[in-house]
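Q:
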Amino acid sequence: MARRVHVRVEGVVQGVGFRPFVHRLAEELGLGGTVRNDARGVEIEAEGTDAAVRALLARLAPDAPPLARVESVAAVDVPAVGAAGFTIEASRGGAAAALVSADVATCADCLRELLDPADRRFRYPFVNCTNCGPRFTIVRGVPYDRPLTTMAGFAMCDACRAEYDDPRDRRFHAQPNACPDCGPRATLSVDAPGRDAVEAAAGLLRAGAIVAVKGVGGYHLACRAADAEAVGRLRARKHREDKPFALMAAGVTAARALVALGPAEEAELVSPARPIVLAPRLAQARVAPAAAPGARELGVMLPYSPLHHLLLADTGEPLVLTSGNVSDEPIAYRDDDAAARLGPIADAILHHDRPIHTRTDDSVVRIVGGRRTILRRSRGAVPGALALPLDCPAPVLACGAELKSTFCLAKGRRAWVGHHIGDLRNAETLGAFREGVAHFERLFDIVPAVVAHDLHPDYLSTAYALEREGVALAGVQHHHAHLAACLAEHGVTERAVGAIYDGTGLGTDGTAWGGEILVGDLRGFERVAHLSPVRLPGGDRAAQQPWRMACAWLVAAGAGGDGVPEALRAAVPEDRWDAVARLAERGFAAPVTTSAGRLFDAVAALCGLRTEVTYEGQAAIELEAVADPDAGGAYELGAGLDARPLVLAVRDDVRARVPAGTIAMRFHRALAAATAGACAAAAAAAGLDVVVLSGGVFQNRLLLADTAGRLEALGLRVLVPAALPANDGGIAYGQAAVAAARG
Ligand code: ZN
Ligand code: ZN
Ligand code: FE
């Protein structure tokens, strides 16, 4: 008696070798029928003995290929029709909710071919297969098939076509399949000796050149990491004064010579997503100091495309591989733009002719106290779907905040958070934001009915939300979105306490919040405590000039001009200091803030570490970097997170010539203790036992580990963002969760 079933498989099942896997399985089990891709995933018709059908259904999910993620297998019995043989059928088109996968680092099989002189793809910088290669960055539409990728312009040669058509081949329907005869080519913009463009580029790098390198999601700028002269030149030409450069090492062994790696860090380094991993810098690391000035950590990644593998092997030593841009602009990913913008910075450009459809930065992760945290979620992770703990009654678009902008589309219980766009402050990033939203709407077949946005009227993301027509708007308070993002990621729909510390976000009272203790759930929140308020003298300029925050905090503590540490006083012209002190006293041009980020600025300035910053969060990062873990003592905050006594104590220690490392450590301890105390009190008052720690300030290792440790010692459950950044890159997903919960 033959049994026939119709099976739907949903999840990440296209472009990952799922159909050939089904084909092999069906042949092994002696089943007849068909398998095909359609708009929702994979559709199977299978006929054979009951035992064989059962075996097929049982093995579809557990035995699926490495890159597949099976979310559901739904089978219904249909009348047997008699089927001889099992075939793979063409895709069915149409709009799609099938999940496009993220870009995947070169697999071991492809790497072997790349390095095998006898292989036809020896040293071919674009070798890939069904188990690896570019995906999201080359997809133009769905279903995921070659004509809808940026490989459409490359006609496969007979050899590649045979692999592509053979269900038993590792390259069956590998959309970016290519070889030196038919596929993309790398070219170098200048003449240099070498077997090929990559070897020639490596020769230039070895000789001290800066080379722009087109990768998977965009261009990088490269030079030898140990070459102080080249690194200095790169920094000067890029106008990137202090922000650390990322490094690429050939493999784990080479990475171990640069940074201290634990097992969790090594697992991240070699994962198919290949993010930049932040880890403590080793004293003996051969890296020019200018690569990461003032930082205790280095960001290291391993090669993730064949081109990178060849470049690192040919150069023979670690490279700086920093984003291909000037200052804080978006990275270049189009060839003409790269030539125009990177030409003046680089001595040569290593191009290739496989277009990048979506610009995608490297992702950045860091392990803190055994917890995985992510600082930027982009290449290798996007567009992977995140779960929502509840159903969206209607499709949602959430527009995020302003800094480290991302957007989020959500439907049912799935949320797709877009790639890192950057700071949404100019026409170029806004253009990338608009294009990204439109692309995701097509990829995942979503027509938003609800558009969620920040309450800040001046954010370009808010303006974009307000101009969408025919939708319901949902304004979500910034820190509530941070809290909701962390709760939703961990599947929590109940109320919890949240300590949300960041730069600033607009509060419901019109002031700039940023040191908030909230009690709430996905639907709503109460503000139960906050850092003591202080003025932001000069508004936005206060965020770029930490000395203004030192001045404002001294004024708030009733000591405006008194006992200002000499070094700080000397760094600021007297009339400027007095003018800012007056702003802080009178409140003119000085909005009120409870920002934790700005408190770090004030303390860093008081310590003489930094009076001006060149990137957001710099003062806090440097304050953490100098903190001496062996130093004893702690300051104290007053009742109700009153930081004024702490600021006066810092000032007194500075004047008593206590080392900055000791002051920084005492400050971190004080803030962690006060935060844990405030959270514990809020939890007790509300009868709750879950505490969320989020907001960009909690990217600080010391503060996070210390606060979490104190809360856990009190028996509370601590939740920290893991799949999304604690910074504003997580806001969009939080907004979507709030919009879904409000219904
Ligand atoms: Zn491969
Ligand atoms: Zn070929
Ligand atoms: Fe924020």
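All the letters of the sequence shown, read from the start, carry residue numbers 345 to 1087 under the numbering used here.
Where a beta carbon is used, it is the ideal one built from N, C-alpha and C, also for glycine.
Taking only the alpha-carbon atoms, compute the straight-line gap between ALA900 and LEU768 and give it to the nearest angstrom.
A: Along the sequence shown, read from residue 1 onward, the residue named residue 900 stands at position 556. Along the sequence shown, read from residue 1 onward, the residue named residue 768 stands at position 424. So the alpha carbons of these two residues sit roughly 32 Å apart.
Q: Counting by C-beta, which residues lie closer than 5 Å to a heavy atom of ligand 1, in chain order?
A: Going along the chain, the residues that qualify are CYS451, CYS454, CYS473, ASN475, CYS476.
Q: Can CYS752 and GLY766 be called in contact, C-beta distance under 8 Å?
A: Here residue 752 corresponds to residue number 408 of the sequence shown, with the count starting at 1. Here residue 766 corresponds to residue number 422 of the sequence shown, with the count starting at 1. Against a cut-off of 8 Å, the Cβ pair of GLY766 and CYS752 comes out as no contact.
Q: How many angstroms separate the CA atom of THR995 from the CA atom of SER667?
A: To locate residue 995, count along the sequence shown from 1; it is residue 651. To locate residue 667, count along the sequence shown from 1; it is residue 323. The sequence given here places Arg at residue 995; Thr does not occur at that position. ARG995 and SER667: Cα-Cα distance of roughly 39 Å.
Q: So the beta strand (DSSP E) ASP382 belongs to, where does it begin and stop?
A: In the sequence shown, the residue the question calls residue 382 occupies position 38. Segment 376-382, the beta strand (DSSP E) holding ASP382.
Q: Which residues bound the alpha helix (DSSP H) around SER939?
A: By 1-based counting over the sequence shown, the position of residue 939 is 595. That residue, SER939, is in no alpha helix (DSSP H); it is neither H nor E in DSSP.
Q: Counting beta carbon pairs with one atom in the region 598-606 and one in the region 679-688, are three or more of them shorter than 8 Å?
A: At 8 Å Cβ cutoff, the stretches do not touch.
Q: For ligand 2, is there any heavy atom lying closer than 7 Å to the beta carbon of GLY527?
A: Working through the sequence shown from its first residue, we reach residue 527 at position 183. Indeed, a heavy atom of ligand 2 lies less than 7 Å from the Cβ.
Q: Evaluate GLY438 with the Cβ neighbour count: other Cβ atoms within 10 Å of its Cβ, from every protein chain shown; 16 or more gives buried, anything less gives exposed.
A: Translated into positions along the sequence shown, residue 438 becomes position 94. Confidence in GLY438 is poor, its pLDDT being 49 and thus under 50, which makes the residue's placement unreliable; the coordinate value appears in the next sentence. GLY438 is exposed by the Cβ-count criterion.
Q: So for VAL417, helix, strand or coil by DSSP?
A: Residue 417 sits at position 73 when you count from the first residue of the sequence shown. Three-state result, VAL417: strand.
Q: Can you tell me which of GLY868, PHE365, ALA546 puts its alpha carbon nearest to the alpha carbon of ALA657?
A: Residue 657 sits at position 313 when you count from the first residue of the sequence shown. The option with the nearest alpha carbon to ALA657 is ALA546.
Q: Please tell me whether, using a cut-off of 7 Å, the distance from the CB of HIS800 to the nearest non-hydrogen atom of ligand 3 is below it.
A: Your numbering for residue 800 matches position 456 in the sequence shown. It does not: the Cβ of HIS800 is nowhere closer than 7 Å to a heavy atom of ligand 3.
Q: Whole angstroms is fine: what's the gap from THR938's alpha carbon to ARG467's?
A: Locating residue 938 in the sequence shown gives position 594, counting from the first residue. Locating residue 467 in the sequence shown gives position 123, counting from the first residue. Distance between the alpha carbons of THR938 and ARG467 is about 56 Å.
Q: Would PHE932 be called buried (16 or more neighbouring beta carbons within 10 Å of its own) or exposed?
A: As a position in the sequence shown, residue 932 is number 588, starting the count at 1. Exposed.
Q: Would you tell me roughly how many angstroms separate the C-alpha atoms of GLU1088 and ALA499, rounded to the nearest one?
A: Nothing can be reported for residue 1088: it is not among the residues displayed for the chain, which extend from 345 to 1087.
Q: So LEU1063 is in the beta strand (DSSP E); what residue range does that whole segment cover?
A: Your numbering for residue 1063 matches position 719 in the sequence shown. From DSSP, the beta strand (DSSP E) with LEU1063 extends over 1061-1063.
Q: Tell me where the beta strand (DSSP E) around ARG720 begins and ends.
A: Reading the sequence shown from its first residue, position 376 is the one you call residue 720. Taken as a continuous stretch (DSSP letters only), the beta strand (DSSP E) holding ARG720 covers 715-720.
Q: If you run the structure through DSSP and keep just helix, strand and coil, what is PHE1042?
A: Looking up residue 1042 in the sequence shown gives position 698. DSSP places PHE1042 in helix when its eight states are reduced to three.
Q: If you draw a straight line from the C-alpha of ALA940 to the C-alpha of GLY559, how long is it?
A: Residue 940 sits at position 596 when you count from the first residue of the sequence shown. Residue 559 sits at position 215 when you count from the first residue of the sequence shown. Roughly 37 Å between the two C-alpha positions.
Q: Give me the Cα-Cα distance between ALA370 and GLY376, rounded to the nearest whole angstrom.
A: For the purposes of this step, residue 370 is identified with residue 26 of the sequence shown, where counting begins at 1. For the purposes of this step, residue 376 is identified with residue 32 of the sequence shown, where counting begins at 1. So the two alpha carbons sit approximately 7 Å from each other.
Q: Beta-carbon within less than 6 Å of CYS501's beta-carbon, same chain only, minus the 5 sequence neighbours each way: which residues are those?
A: If you number the sequence shown from 1, residue 501 lands on position 157. Only ASP525, CYS526 meet the Cβ criterion.
Q: Report the rounded CA-to-CA distance for ASP509 versus VAL471, giving the unit in angstroms.
A: Working through the sequence shown from its first residue, we reach residue 509 at position 165. Working through the sequence shown from its first residue, we reach residue 471 at position 127. Each residue's alpha carbon lies about 17 Å from the other.
Q: Only counting the same chain, and skipping five residues up and downstream in sequence, which positions put a Cβ closer than 6 Å to that of GLY713?
A: Residue 713 sits at position 369 when you count from the first residue of the sequence shown. Contacts found: ALA1049.
Q: Quick one: Cα of GLY497 to Cα of ARG698, how far?
A: Walking along the sequence shown from the start, residue 497 turns up at place 153. Walking along the sequence shown from the start, residue 698 turns up at place 354. Between GLY497 and ARG698, the C-alpha separation is close to 9 Å.
Q: Does DSSP put HIS874 in a helix, in a strand, or in coil?
A: Against the sequence shown, residue 874 aligns to sequence position 530. HIS874: strand per DSSP, three-state reduction.
Q: Cα separation between LEU831 and GLU785?
A: By 1-based counting over the sequence shown, the position of residue 831 is 487. By 1-based counting over the sequence shown, the position of residue 785 is 441. Spanning the two alpha carbons is a distance of roughly 25 Å.
Q: Could you have a look at LEU799 and say whether DSSP puts it in helix, strand or coil?
A: Position 455 of the sequence shown holds residue 799. Here LEU799 sits in coil by DSSP.
Q: Since ALA1026 and ALA796 are thought to touch, with beta carbons under 8 Å apart, how far apart are those beta carbons, to the nearest angstrom?
A: The count along the sequence shown starts at 1 and reaches residue 1026 at position 682. The count along the sequence shown starts at 1 and reaches residue 796 at position 452. 26 Å between Cβ atoms; not a contact.
Q: State the DSSP-derived secondary structure class of LEU532, mapped to helix, strand or coil.
A: For the purposes of this step, residue 532 is identified with residue 188 of the sequence shown, where counting begins at 1. Of the three classes helix, strand and coil, the one that applies to LEU532 here is strand, per DSSP.
Q: Under DSSP, the beta strand (DSSP E) around SER805 begins and ends at which residues?
A: Sequence index remark: in the sequence shown, residue 805 carries index 461 (1-based). Note, SER805: premise wrong, no beta strand (DSSP E); alpha helix (DSSP H) at 804-811.
Q: If we require 3 or more residues per run, which beta strand (DSSP E) segments fall completely within the region 725-789?
A: Listed in chain order, they are 729-742, 752-761.
Q: Just to confirm, does CYS830 get its C-beta within under 7 Å of one of the non-hydrogen atoms of ligand 2?
A: Residue mapping note: residue 830 aligns to position 486 of the sequence shown, counting from 1. Every heavy atom of ligand 2 is 7 Å or more from the Cβ of CYS830, so no.
Q: Is the beta carbon of GLY842 less than 8 Å from the beta carbon of SER671?
A: The residue labelled residue 842 in the question sits at position 498 within the sequence shown. The residue labelled residue 671 in the question sits at position 327 within the sequence shown. Cβ atoms of GLY842 and SER671: not closer than 8 Å.
Q: What is the residue span of the beta strand (DSSP E) that ALA666 lies within?
A: Along the sequence shown, read from residue 1 onward, the residue named residue 666 stands at position 322. Looking at the sequence shown, residue 666 is not Ala but Thr. Its beta strand (DSSP E) spans residues 663-667.
Q: Give a single yes or no on whether MET500 has its beta carbon closer than 7 Å to a heavy atom of ligand 2.
A: For this step, residue 500 is matched to residue 156 along the sequence shown. Yes - ligand 2 has a heavy atom lying nearer than 7 Å to the Cβ of MET500.
Q: Nearest CA to the CA of LEU1058: which residue from LEU654, PRO917, CYS1023?
A: Start at 1 with the first residue of the sequence shown, and residue 1058 comes out as number 714. Ranking LEU654, PRO917, CYS1023 by Cα distance to LEU1058 puts CYS1023 first.
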